[in-house]
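Residue numbers (my numbering), protein chains in the order written: chain A, 1 to 488; chain B, 1001 to 1116.
Below: one structure, written as structure tokens.
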């Protein structure tokens, strides 16, 4: 591939992101604008923005790579990522919007009337956010290395710089426009090349090198336990992701929060058809990519390999642009939500504090990313989902639907889930992919029930501590807003 | 242009709308609220359960009918089509049904709460 192609695509996406970010700066003036775009973002904009933010390196590169490696087993990843939004809609979307809180720690504090719960939730949210930014930066490093031949750190560092500039300049309002733009960019960047490829293959009448069922690497197929555990992580992990939740506060009311989620489901369903198509085409026509250990780069390499020439270069440029849109949008979404948490809890909630916090939340994971090696992208994001599902998810679900939750129970449950799942992740990385038993590699199936169980049992044991505000808060979470009244 | 110093609200507590205040305080109001929460939870669980059943049915179907997985539909193996594309319409349909019923539950609650 022509190295200039990758660089040009990277620069164009970064400049476009910055321009839209600065355009947004002119209309964001108050702290409310900064954090949640004053809750006046329209459902289609908001849904595109949620889609843009959610579709990360794992979705853009990792899913196709994993499908290339393990075939139909990996199809559970896109299914789980989408179905996670269904769970979010069913259990969380409207009540969370009605809570009127800005961040997850705001929500737990208001619900349980406890500063201690707030602190623990803040720590968990920051850990989740950092863990989730690292694979994005790995993806950026991989993309730069494959497409330009430059050292990988150039990619990670440039993503962090662009994100810091846009977030510091405009906050959430400009982020909403940036994210919405990036969803459509990502969709185009995957859809156009794969359609070209399919037509080219049909037109030239070339036959598949290998049928889709043939396993290119001889990797063992996942058993039912792995598939179920993965689905648990993805279904319950989505509803605890900090950058996803903060988006719901930008809806004007609970009902529009639900409508937005429905649109997001549609957008995600359309999007995931394309990584699946890349995976399938890669498996049938370029199985050697899987054997060369470059499976995650299949989306980037396929246009060049199957079409070639100038057309191939142009299509590659489009894919690289889409990939950077994915890294930028997810990272900036995470940085905004982390900065919201850090600045309110540590730095007093001013706009200057928010800017400082944004820089902190982007630079720490950069250090991690530079110090560690990239695993399979979809796999490492899957582990982050498992962690979220074992910590934030139980406190949200029980907080919204169960009056008996107490602050002690919430803390005990979050700590249990965090320690079990975090322990599994650490020992998994110490033992290496080959030495990790299957139940440690996919911990969600036991850590999520454990966190729920501890939360319920400890809450039952500390019944006296059920806050007196519970009835009032529950009413607020579940009763519809008056029509035509906006809270401002 | 003048610069104004702004700070974030410290806590999430914001004044609620009048009718919601009323619902919180009276005993009958709380009864309605509890019943609304129960109805909404039941609805969410039913939709989630239905969706998960369909989700489990797909791989079971592929395992139960030999040869089905490998059947080519427009050049694509059937198992790829079913898992890679067939689940999304089910997700969308579940979501759409849920939103309609949830809005209906809320409308019913609002009628009750405002009549009393």
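Just so it is clear, CB atoms sit at the ideal spot from N, CA and C, and this is done for glycine as well.
Per DSSP, the unbroken alpha helix (DSSP H) holding residue 226 of chain A starts and ends at 224-237. Shown here, residue 3 of chain A sits in a helix according to DSSP, grouped into three states. Interface flag for residue 269 of chain A against chain B is set, since a Cβ pair is found closer than 8 Å.
In the structure shown, residue 114 of chain A adopts coil according to DSSP, grouped into three states.
Residue 350 of chain A sits in a strand when the DSSP states are folded into three classes. Contact check for residue 160 of chain A and residue 363 of chain A: beta-carbon distance about 7 Å, within the 8 Å limit, so the pair qualifies. Non-local C-beta neighbours of residue 385 of chain A in its own chain, meaning closer than 6 Å and more than five positions away in sequence, comprise 233, 234 and 237, ordered along the chain. Of all residues in the stretch 406-439 of chain A, none comes within less than 8 Å of chain B when Cβ atoms are compared. At a Cβ-Cβ threshold of 8 Å, residue 52 of chain A and residue 183 of chain A count as neighbours. Exclusion of the five residues before and after residue 1071 of chain B leaves 1078 as the residues of its chain whose Cβ lies within less than 6 Å of its Cβ.
Among the residues of chain B, those whose CB is under 9 Å from the CB of residue 259 of chain A are 1099, following chain order.
Put simply, the CB of residue 1050 of chain B is far from chain A, with every gap to its CB atoms at 8 Å or more. Bounds of the alpha helix (DSSP H) holding residue 331 of chain A are 309-345. Inter-residue distance for residue 163 of chain A and residue 86 of chain A is about 29 Å (C-alpha atoms, whole angstroms). At a C-beta separation below 9 Å, residue 1027 of chain B has no neighbours in chain A, since its nearest C-beta there lies roughly 11 Å away. When rounded, the separation of the alpha-carbon atoms in residue 270 of chain A and residue 343 of chain A is 36 Å. A distance below 6 Å between beta-carbons, with the five flanking residues on each side excluded, links residue 313 of chain A to the following residues of its chain, in chain order: 2 and 5. When the five nearest sequence neighbours on each side are left out, the beta carbons in the same chain lying within less than 8 Å of the beta carbon of residue 242 of chain A are those of 103, 104, 125, 128, 129, 334, 337, 338, 341 and 392, in order along the chain. Beta-bridge annotation (DSSP): residue 1076 of chain B is paired with B/1073.
Within the same chain, and ignoring the five residues on either side of residue 458 of chain A in sequence, the residues whose Cβ sits closer than 8 Å to its Cβ are 406, 408, 409, 412 and 413.
DSSP places residue 292 of chain A in no alpha helix (DSSP H); its state is neither H nor E. Straight-line spacing of the CA atoms in residue 1075 of chain B and residue 1105 of chain B works out to 46 Å. Residue 418 of chain A counts as buried, since at least 16 other C-beta atoms from the protein chains shown sit within 10 angstroms of its C-beta. CA-to-CA, the gap between residue 60 of chain A and residue 1053 of chain B works out to about 28 Å.
Ranking A/46, A/109 and A/71 by CA distance to the CA of residue 282 of chain A puts A/71 first. Close to residue 1079 of chain B, with beta-carbon spacing below 7 Å, are these residues of chain A in chain order: 72. Close to residue 1085 of chain B, with beta-carbon spacing below 7 Å, are these residues of chain A in chain order: 273.
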